[in-house]
Each structure stands twice: as C-alpha cells, then as structure tokens.
Amino acid sequence: MKNNIEIEVKVTYLEHQSDVYASQYSYAYTITIINKGNVGVQLLTRHWRIQDETGYIEDVIGEGVIGQQPHLASGESFQYASGAIIKTLTGSMKGSYGMVDDYGERFNVQIPEFVLSKPYTLH
180 MKNNIEIEVK VTYLEHQSDV YASQYSYAYT ITIINKGNVG VQLLTRHWRI
230 QDETGYIEDV IGEGVIGQQP HLASGESFQY ASGAIIKTLT GSMKGSYGMV
280 DDYGERFNVQ IPEFVLSKPY TLH
C-alpha cells in the first residue's frame with residue numbers, strides 16, 4: 180500500500196500542572212506517526228479538535244507539529260509530545276494530519292479520537 184500511516188497515542192494527566200479550582204485540567208500526549216507504506220511522506224499541517232465534557236470545542240489548525248514538518252521514509256516513525264488544557268476533568272481529541280508523499284500527492288491521515296482523563300475516572 181502506497182500511503183499507509185499509523186498513529187499511536189499515549190495520554191498522561193498532569194496533576195501538578197492542573198488547577199481544579201480554576202477549572203484547568205492539563206494533559207500531555209505523545210504521538211507516534213509510523214509510515215507503513217512503501218513511499219516516503221512529509222507531514223505538512225495539523226488539525227486538532229479538542230472537546231471537553233460540556234461540549235465546548237476548540238479547533239487548532241497550523242503547520243507541522245512542534246515546529247517541525249518531518250519527512251518519514253518507508254518504515255520510519257516520528258514521535259513528539261505536546262499538551263492540552265481543558266476546563267473539565269475529561270474530554271477528547273481527534274484530528275488529522277495533512278501530508279504529501281514523495282510523488283507530490285497530498286492526502287489526509289485521520290487521528291482517531293482519544294480520551295483525555297485521569298486514570299480510573301471513566302467506567
């Protein structure tokens with residue numbers, strides 16, 4: 180398969196950076212992007228949709244990730260860490276990466292929805 184990109188996500192609640200009384204809950208997330216296709220690709224843009232449990236949605240759109248637009252040859256991966264602050268104890272994130280392959284073909288990679296929550300807060 181030409182463009183076969185896998186996304187892995189790990190979320191950590193940052194208790195020491197959260198302020199319950201100010202309704203600010205901080206989360207770190209680590210994303211691993213794996214190129215399982217047989218053509219190199221470059222990440223150009225990102226679009227995140229962050230939602231808290233009240234239904235409030237924030238869209239974050241921009242170039243690259245953490246100031247980079249990484250190129251991944253076939254079989255390579257790229258990992259980065261970032262964070263989000265929401266106003267409720269739980270929330271979710273999902274989105275997409277805008278990419279271009281080595282042939283100049285642009286495509287989007289969906290980032291599956293993942294939950295922002297403290298461990299053991301969901302049943």
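If you count the sequence shown from 1, position 98 lands on 277 in our numbering, and the numbers rise without skipping.
We treat Cβ as the ideally placed atom computed from N, Cα and C, and that holds for glycine.
- Task: Could you please give the first and the last residue of the uninterrupted beta strand (DSSP E) stretch that includes ALA201?
- Result: Secondary structure note for ALA201: it is in no beta strand (DSSP E), with a DSSP letter that is neither H nor E.
**OP:** Quick one: grab the DSSP three-state call for GLN258.
**Re:** strand
| Are there 16 or more other CB atoms within 10 angstroms of the CB of ILE245, so buried, or fewer, so exposed? | Burial call: exposed.
Report task. Alpha carbon to alpha carbon, how far is ARG225 from ASP281? Give it in angstroms, no decimals. Result -> 19 Å
If we ignore side chains and look at the alpha-carbon of each, how far apart do VAL220 and PHE293 end up?
24 Å
**Message:** With DSSP as the reference, identify every bridge partner of ALA207, one or two as the case may be.
**Reply:** The bridge partners DSSP lists for ALA207 are THR191, GLY262.
Just to confirm my understanding: we take ARG285, look at its own chain, exclude 5 residues before and 5 after, and list those with CB closer than 6 Å. What are they?
VAL279
Do ILE213 and PRO291 have their CB atoms nearer than 8 Å? no
Please confirm if the stretch 226 to 233 is in contact with the stretch 266 to 274, defined as three or more CB-CB distances below 8 Å between the two stretches. yes
Does the beta-carbon of ALA252 have 16 or more other beta-carbons within 10 angstroms, so that it is buried, or is it exposed? exposed
### Query
Which residues mark the beginning and the end of the beta strand (DSSP E) in which ILE236 is found?
236 to 242
Q.
Buried or exposed for GLY274, going by 16 or more other Cβ atoms inside 10 Å?
A. With 16 or more other Cβ atoms within 10 Å, it is buried.
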